[in-house]
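Undergrad:
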């Protein structure tokens, strides 16, 4: 019994010798702080870098594929360029026509016939008064004696006119307007006709009306042609991107199997469409400039025969930038339509 008690005591002493750690004294391990805002910012930054890198990779892939298929790419770009060069060239010619008509102020004029008994001093005073008013650039005084001398020289009836007891021609003021707009000319005619000592205002606006009607018709034809050919460019891009999607069907399936989204798959095709359109727009600019250079000599010579100081001008600086960007947007639109129509039909089959 003693040994048992001894062992029991030893066991108790051993138990007491192992000092237990009080819960209050134990140091609780502090959890690491999670920088939520910093992590979110880092994650957002990483996502932006990844998004930007994929855009750059998609653009690089589009350019490489265009370069790999040079013949077919060149044909597509040339088709787009011809479709856009036609309305762009006609628009440049129409702008030149407007500039030429603005320089024809010497041909558009109003003949203001005054009363027969008006004095020459009063005639010149009216001319000076009108010259400083709105819509009038200059005036020219033709006295009764000048009108008679000019009529004799042009008509060949000098002997008959000399037999008359008095000069039958009235004094005249020629008014040159600053615009060939028919509405402006008609308003100017009414205003001058209401002035004192004015007997008659003669205005020949038929040629002006015909000219403005032709210019307006040209503007509408160019607008309609631009819309039609822009739609043709979009359709060309739809067909081109459709063929590209079909040629890469297996690659698209693999990307979707590993979790690629439609946006991830769509992006390279959108860049391909934009590159096609932008290259077509640049080629269209070159074609228009070459055509204007080729036609410049004969057109300038023709203008000089009509005593015009105008010359054929090329495309405006803004058009050199707008046309490629506009063409690139058309290519992007065609690619978007093609991808939206055909990409959904390609799904993995398990």
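Numbering (the working numbering), first residue to last: 1 to 350.
Just so it is clear, CB atoms sit at the ideal spot from N, CA and C, and this is done for glycine as well.
#1: With DSSP run on the structure shown, which of helix, strand or coil describes residue 349?
#2: From residue 109 to residue 182, what does the alpha carbon distance come to, in whole angstroms?
#3: Report yes or no: do three or more beta-carbon pairs, one from the region 242-260 and one from the region 336-345, lie closer than 8 Å?
#4: Smallest Cα separation from residue 98: which of 148, 192, 211?
#5: Quick one: what's got a C-beta closer than 6 Å to residue 93's C-beta in the same chain, skipping five residues either side?
#6: Can you list, in chain order, the residues of its chain whose CB lies under 8 Å from that of residue 235, leaving out five sequence neighbours each side?
#7: Going by DSSP, name the residue or residues bridged to residue 386.
#8: Could you tell me the alpha carbon to alpha carbon distance between residue 77 and residue 278, rounded to whole angstroms?
#9: Check the C-beta distance from residue 176 over to residue 138 and give it rounded, since I have them as a contact under 8 Å.
#10: With a Cβ-Cβ cutoff of 8 Å, do residue 284 and residue 84 count as a contact?
#11: Excluding the 5 residues preceding and the 5 following residue 127 in the sequence, name in chain order all residues of the same chain whose CB lies nearer than 8 Å to its CB.
#12: Exposed or buried, residue 290, counting other C-beta atoms within 10 Å across all chains shown (16 or more means buried)?
#13: For the beta strand (DSSP E) holding residue 174, just list the boundary residues, first then last.
#14: What number of angstroms, rounded off, separates the C-alpha of residue 323 from the C-alpha of residue 282?
#15: What residue does the beta strand (DSSP E) around residue 136 start on, and which one ends it?
#16: So residue 170 and residue 144 are in contact, right, with Cβ under 8 Å, and what is the actual spacing, rounded?
#17: Return helix, strand or coil for residue 77, following the three-state DSSP convention.
#18: Could you give the DSSP three-state label for residue 49: helix, strand or coil?
#19: Under 8 Å between the Cβ atoms of residue 80 and residue 233?
#20: Along the chain, which unbroken stretches of the alpha helix (DSSP H) at least 4 residues long are found entirely within the region 249-334?
#21: Along the chain, where does the alpha helix (DSSP H) containing residue 182 start, and where does it finish?
#22: Between which two residues does the alpha helix (DSSP H) containing residue 226 stretch?
#23: In three-state DSSP terms, what is residue 168?
#24: Between residue 241 and residue 273, is the Cβ-Cβ spacing less than 8 Å?
#25: Is residue 344 buried or exposed, if buried means 16 or more other CB atoms sit within 10 Å of its CB?
TA: Looking at the atomic coordinates:
#1: By one-based count along the chain shown, residue 349 stands at place 349. Coil, per DSSP.
#2: Your numbering for residue 109 matches position 109 in the chain shown. Your numbering for residue 182 matches position 182 in the chain shown. Looking at the two C-alpha atoms, the distance is approximately 12 Å.
#3: Output reads yes: the region 336-345 touches the region 242-260.
#4: The residue you call residue 98 lines up with position 98 of the chain shown. For residue 98, the closest C-alpha among the options 148, 192, 211 is that of 211.
#5: As a first step, residue 93 is located in the chain shown; it is residue number 93 there, counting from the start. Excluding sequence positions up to five before and after residue 93, its CB lies less than 6 Å from no other CB in the same chain.
#6: By one-based count along the chain shown, residue 235 stands at place 235. Cβ neighbours of residue 235 beyond the five flanking positions: 334.
#7: This structure does not reach residue 386, given that the chain is present from 1 up to 350, and the question cannot be answered.
#8: As a first step, residue 77 is located in the chain shown; it is residue number 77 there, counting from the start. As a first step, residue 278 is located in the chain shown; it is residue number 278 there, counting from the start. Using only the alpha carbons, I get a separation of about 9 Å.
#9: By one-based count along the chain shown, residue 176 stands at place 176. By one-based count along the chain shown, residue 138 stands at place 138. The Cβ separation is near 5 Å, so the contact holds.
#10: By one-based count along the chain shown, residue 284 stands at place 284. By one-based count along the chain shown, residue 84 stands at place 84. Their beta carbons are under 8 Å apart, which means residue 284 touches residue 84 by this criterion.
#11: The count along the chain shown starts at 1 and reaches residue 127 at position 127. The residues are 139, 140, 141, 173.
#12: As a position in the chain shown, residue 290 is number 290, starting the count at 1. With a 10 Å radius around the Cβ and a threshold of 16 neighbouring Cβ atoms, residue 290 comes out exposed.
#13: Here residue 174 refers to the residue found at position 174 when the chain shown is read from its first residue. Taken as a continuous stretch (DSSP letters only), the beta strand (DSSP E) holding residue 174 covers 172-177.
#14: For the purposes of this step, residue 323 is identified with residue 323 of the chain shown, where counting begins at 1. For the purposes of this step, residue 282 is identified with residue 282 of the chain shown, where counting begins at 1. For residue 323 and residue 282, the distance between alpha carbons rounds to 8 Å.
#15: Your numbering for residue 136 matches position 136 in the chain shown. Segment 136-142, the beta strand (DSSP E) holding residue 136.
#16: The residue you call residue 170 lines up with position 170 of the chain shown. The residue you call residue 144 lines up with position 144 of the chain shown. The C-beta distance from residue 170 to residue 144 rounds to 7 Å, short enough to fall under 8 Å.
#17: Locating residue 77 in the chain shown gives position 77, where the first residue counts as 1. Residue state, collapsed to three classes: helix.
#18: Residue mapping note: residue 49 aligns to position 49 of the chain shown, counting from 1. DSSP places residue 49 in helix when its eight states are reduced to three.
#19: Mapped onto the chain shown, residue 80 falls at position 80. Mapped onto the chain shown, residue 233 falls at position 233. The criterion of a C-beta distance shorter than 8 Å is satisfied by residue 80 and residue 233.
#20: The qualifying runs are 249-257, 262-305.
#21: As a working mapping, residue 182 is identified with position 182 in the chain shown. From DSSP, the alpha helix (DSSP H) with residue 182 extends over 182-193.
#22: By one-based count along the chain shown, residue 226 stands at place 226. Annotation for residue 226: the continuous alpha helix (DSSP H) segment containing it runs 206-247.
#23: Here residue 168 corresponds to residue number 168 of the chain shown, with the count starting at 1. Per DSSP, reduced to three states, the secondary structure at residue 168 is coil, with no helix or strand assignment.
#24: As a first step, residue 241 is located in the chain shown; it is residue number 241 there, counting from the start. As a first step, residue 273 is located in the chain shown; it is residue number 273 there, counting from the start. Against a cut-off of 8 Å, the Cβ pair of residue 273 and residue 241 comes out as a contact.
#25: Locating residue 344 in the chain shown gives position 344, where the first residue counts as 1. Under this definition residue 344 is an exposed residue.
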